[in-house]
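Take the sequence shown: its letters are residues 5 to 149, numbered as in the numbering used here.
For each residue, glycine too, the CB sits at the ideal point set by N, CA and C.
Note that the coordinates shown come from a computational prediction; the quantities given were computed from them, not determined experimentally.
So the structure is just underneath, and the comments pick up after that.
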Amino acid sequence: MTVRDAVSAPDADGRPRRTTRRFPLFTRDTARPEGGGRAAPGDAPAPARQWPILTVLAAVGLGLLLTALDVFRAGTILIGAALIAGAVMRWILPSVGMLAVRSRFTDMVTYGVLGVVIVLLALMAQPDPVLVIPFLDDTLHFTVR
Numbered sequence: 005m006t007v008r009d010a011v012s013a014p015d016a017d018g019r020p021r022r023t024t025r026r027f028p029l030f031t032r033d034t035a036r037p038e039g040g041g042r043a044a045p046g047d048a049p050a051p052a053r054q055w056p057i058l059t060v061l062a063a064v065g066l067g068l069l070l071t072a073l074d075v076f077r078a079g080t081i082l083i084g085a086a087l088i089a090g091a092v093m094r095w096i097l098p099s100v101g102m103l104a105v106r107s108r109f110t111d112m113v114t115y116g117v118l119g120v121v122i123v124l125l126a127l128m129a130q131p132d133p134v135l136v137i138p139f140l141d142d143t144l145h146f147t148v149r
């Protein structure tokens, strides 16, 4: 017996298990994300294999520390920049280890959008905002009144 497609994968005896193209009602396993392999060779120590996510987490941790030390704007910009760097690494690197959670496109969009939103909110934070968007102020006054 031969395997006709991915759905009719062989069972333990080597026989095709299903011949239908329908997906099973209950899934028994999950697929790894497409970039979910190791970011460094297998003989490297564990932290070195996961350097992309450790880089992002270290930058986020430093940003949180800066925020706790009352350097709010710089800390939150660093957090947003770390997420944007995660999106760039997910786009450029073929294997990013645990930084890959979903598909490449979904990870890039999620990290990128969250990073950009955090940076924009940090730039618009009071007092003395660096970035002023007038229609947002008008929208706020219209909805609150």
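Residue from Ala63, Ser99, Asp74 and Met102 whose Cα sits closest to the Cα of Leu229: Coverage of the chain is limited to positions 5 through 149, which leaves residue 229 absent and any answer about it impossible.
Mapping the DSSP letters down to three states, classify Ile137 as helix, strand or coil.
Coil.
So, at 7 Å on beta carbons, what are the nonlocal neighbours of Met112 in its own chain, with the 5 sequence-adjacent residues on each side left out? Ala91, Arg94 and Trp95
Check your understanding: Rounded to whole angstroms, how far is the Cβ of Ala129 from the Cβ of Phe76, which I believe are closer than 8 Å?
Key -> 7 Å
Q) Considering only residues of the same chain and omitting the five flanking positions on each side of Gly84, which have a CB-CB separation below 6 Å? A) Gly119, Ile122 and Val123
**OP:** Measuring only between beta-carbons, confirm whether Val75 sits less than 7 Å from chain C.
**Re:** Here chain C cannot be found, since the structure has a single protein chain.
Taking Pro150 as the reference, give the member of Leu103, Leu69 and Leu70 with the closest Cα.
Not covered by the structure: residue 150. The range shown for the chain is 5 to 149.
Requested in this report: Check the C-beta distance from Thr80 over to Gly67 and give it rounded, since I have them as a contact under 8 Å.
Outcome: About 7 Å; that satisfies the 8 Å criterion.
* To do: Identify, in the order they occur along the chain, each residue of the same chain with its Cβ nearer than 7 Å to the Cβ of Thr71, setting aside the five sequence neighbours on each side.
  => Gly79 and Thr80
Query - Minimum C-alpha distance to Gly2 - residue among Ala48, Gln54 and Leu135 - result: Nothing in the structure corresponds to residue 2, since the chain is present only between 5 and 149.
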